[in-house]
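*Asks:* In this note's numbering, the protein residues as written are -18 to 327.
Quick one: structure below, then a few questions.
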Ligand SMILES: Cc1cc2nc3c(=O)[nH]c(=O)nc-3n(C[C@H](O)[C@H](O)[C@H](O)COP(=O)(O)O)c2cc1C
């Protein structure tokens, strides 16, 4: 089916193609047998790959990265394609439109995407309504960040608000402190701001009966000394894991895309194949430097089952895909799971 549909989808602007796929997922809710068929054809048998991490039971280690099911509308349908968990978001306290369209572009010669979405999302309240109504049957992480209009000095309040509101509805949190897609050139990279955010969210956790895991999503391509700061902060503050990392600002590893094509695309951050090596280095570094204490979720450039395995071998506890799912289609998770089982992963 994907082989039939893909040539048509690739003729559409990428965001329209994404919305079309999401519309089809929505329709599948109303067509008897459609979701069962998706499960029969695409859902892998994950037996033997289940793992418990920071108190959450994951049926397999392959997750869907943030930005795909931003508003938490499609996670049950997406789980039919085998994901062991789904990260919804990034969510902000207030809804925001994001940047003007077009804001998502394909670089097919390099298996990459460029986006400048501007964290478009319907806000935390809307996402809670989706989760409440649809009784998730899948592990859900909520990725939260600040509204674009919130100044850096007040950013922690946005995280605090979102985490407090979502606390009873998700399995874990991801504090997206990477913010690569902003108009605000200060971003959120500085460690003082990050520790203020972490401290305030940890306070929210302290006042709740259940201790939900709180992870940090860091920028792609941080230097080892920047990673050292993040590792120290995480270990000292009780952060449960690191999502490494987000889409990349630099486009250095593009091999086949012409300068002219890039010029046409304009500004934005890059996801997909060119990120792989650098993500692998980051995952290995965090794992080794933290003595394996700090779980890492690898996100960036995983385009093949073999690359998924390499990330796990480098010390990742879980992996996430976005661009790989877009380019490989609905059978991607099944292929990864099959590969991991074949090599005897547990
Ligand atoms: C269109 C698009 C939107 C994204 N939106 C978000 C987002 O809202 N929050 C976030 O933390 N990451 C977001 N990401 C980054 C992905 O979650 C992922 O970290 C990144 O794409 C690298 O993984 P990949 O190479 O498998 O795509 C987005 C990526 C894309 C392509």
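No residue lacks a Cβ here, since even glycine has one placed at the ideal position from N, Cα and C.
State the CB to CB distance for the pair residue 71 and residue 47, rounded to an integer number of angstroms; the pair is presumed to be in contact (CB under 8 Å).
*Replies:* Along the chain shown, one-based indexing puts residue 71 at 90. Along the chain shown, one-based indexing puts residue 47 at 66. Going by Cβ atoms, the distance from residue 71 to residue 47 rounds to 6 Å, so yes, they are a contact pair.
*Asks:* Which residues share a DSSP beta bridge with residue 87?
*Replies:* Sequence index remark: in the chain shown, residue 87 carries index 106 (1-based). Paired residue(s): 94.
*Asks:* When the Cα atoms are used, what is the spatial distance from residue 303 to residue 112?
*Replies:* Here the question's residue 303 lines up with position 322 in the chain shown. Here the question's residue 112 lines up with position 131 in the chain shown. Spanning the two alpha carbons is a distance of roughly 21 Å.
*Asks:* Using only alpha-carbon positions, find the residue among 175, 121 and 136 that is nearest to residue 152.
*Replies:* As a working note, residue 152 is residue 171 in the chain shown. Ranking 175, 121 and 136 by Cα distance to residue 152 puts 121 first.
*Asks:* Where in the segment 247 to 303 do unbroken runs of the alpha helix (DSSP H), each at least 4 residues long, occur, reported from the N-terminal end onward?
*Replies:* Runs of the alpha helix (DSSP H) inside the segment 247 to 303: 257 to 270 and 286 to 294.
*Asks:* Who are the Cβ neighbours of residue 242 in its own chain at under 6 Å, not counting the five residues just before and after it?
*Replies:* Taking the first residue of the chain shown as 1, we reach residue 242 at position 261. If we look at residue 242 and ignore the five residues flanking it on each side, it has no Cβ neighbours.
*Asks:* Pick out the complete beta strand (DSSP E) segments inside the segment 11 to 73, 3 residues or longer, and give them in chain order.
*Replies:* Fully enclosed beta strand (DSSP E) runs of 3 or longer: 32 to 34, 37 to 39, 43 to 45 and 66 to 72.
*Asks:* Would you say residue 155 and residue 68 are within 8 Å of each other, going by their C-beta atoms?
*Replies:* Along the chain shown, one-based indexing puts residue 155 at 174. Along the chain shown, one-based indexing puts residue 68 at 87. Yes, the Cβ-Cβ distance between residue 155 and residue 68 is below 8 Å.
*Asks:* Measuring only the C-alpha atoms, how far is residue 177 from residue 19?
*Replies:* Taking the first residue of the chain shown as position 1, residue 177 is located at position 196. Taking the first residue of the chain shown as position 1, residue 19 is located at position 38. If you take the alpha carbons of residue 177 and residue 19, they lie about 44 Å apart.
*Asks:* Between residue 302 and ligand 1, is there a pair consisting of the residue's CB and a ligand heavy atom that are separated by less than 7 Å?
*Replies:* Numbered from its first residue, the chain shown carries residue 302 at position 321. Indeed, a heavy atom of ligand 1 lies less than 7 Å from the Cβ.
*Asks:* Kindly list the residues whose CB is nearer than 6 Å to the CB of residue 88, restricted to its own chain and excluding five residues on each side of it in sequence; keep chain order.
*Replies:* As a working mapping, residue 88 is identified with position 107 in the chain shown. Once the five neighbours on either side are set aside, the close Cβ partners of residue 88 are 238.
*Asks:* Is the beta carbon of residue 253 within less than 7 Å of some heavy atom of ligand 1?
*Replies:* As a first step, residue 253 is located in the chain shown; it is residue number 272 there, counting from the start. Flag set: Cβ of residue 253 near ligand 1.
*Asks:* Buried or exposed for residue 93, going by 16 or more other Cβ atoms inside 10 Å?
*Replies:* Position 112 of the chain shown, counting from 1, holds the residue named residue 93. Buried.
*Asks:* Alpha carbon to alpha carbon, how far is residue 326 from residue 130?
*Replies:* What you label residue 326 is simply residue 345 of the chain shown in a count that begins at 1. What you label residue 130 is simply residue 149 of the chain shown in a count that begins at 1. Cα to Cα, the separation comes out at about 45 Å.
*Asks:* Could you check if residue 166 is buried or exposed, using at least 16 other CB atoms within 10 Å of its CB as the buried criterion?
*Replies:* For the purposes of this step, residue 166 is identified with residue 185 of the chain shown, where counting begins at 1. Reliability fails at residue 166, whose pLDDT of 44 lies under 50, so the model's placement of it is uncertain and the value that follows must be treated cautiously. So residue 166 ends up on the exposed side.
*Asks:* Should residue 188 go down as buried or exposed, given a rule of 16 or more other Cβ atoms within 10 Å for buried?
*Replies:* Here residue 188 refers to the residue found at position 207 of the chain shown. Its Cβ having fewer than 16 others within 10 Å, residue 188 is exposed.
*Asks:* Expressed to the nearest angstrom, what Euclidean distance is found between the alpha-carbon atoms of residue 134 and residue 116?
*Replies:* Mapped onto the chain shown, residue 134 falls at position 153. Mapped onto the chain shown, residue 116 falls at position 135. In a straight line, the C-alpha of residue 134 is about 36 Å away from that of residue 116.
*Asks:* Give every residue of the same chain whose Cβ lies closer than 6 Å to the Cβ of residue 53, excluding the five residues on either side of it in the sequence, and list them in chain order.
*Replies:* Position 72 of the chain shown, counted from the first residue, corresponds to residue 53. Cβ within range, chain order: 69, 108, 111 and 112.
*Asks:* So, is residue 163 buried or exposed, given that buried needs 16 or more other C-beta atoms within 10 angstroms?
*Replies:* Residue mapping note: residue 163 aligns to position 182 of the chain shown, counting from 1. Summary for residue 163: the model assigns pLDDT 49, below 50, so the residue's position carries little reliability, and this model does not support an answer.
*Asks:* According to DSSP, is residue 154 helix, strand or coil?
*Replies:* As a position in the chain shown, residue 154 is number 173, starting the count at 1. Strand at residue 154.
*Asks:* For the beta strand (DSSP E) holding residue 136, just list the boundary residues, first then last.
*Replies:* Within the chain shown, residue 136 is the residue found at index 155, counting from 1. Looking at the DSSP string, residue 136 is not in any beta strand (DSSP E); the run it does join, the alpha helix (DSSP H), is 136 to 147.
*Asks:* Mind checking who residue 223 pairs with in its DSSP beta bridge?
*Replies:* Residue 223 sits at position 242 when you count from the first residue of the chain shown. Note: residue 223 sits in a beta bridge opposite 197 and 277.
*Asks:* Starting from residue 184, trace the beta strand (DSSP E) both ways and give me its first and last residue.
*Replies:* By 1-based counting over the chain shown, the position of residue 184 is 203. Note, residue 184: premise wrong, no beta strand (DSSP E); alpha helix (DSSP H) at 172 to 187.
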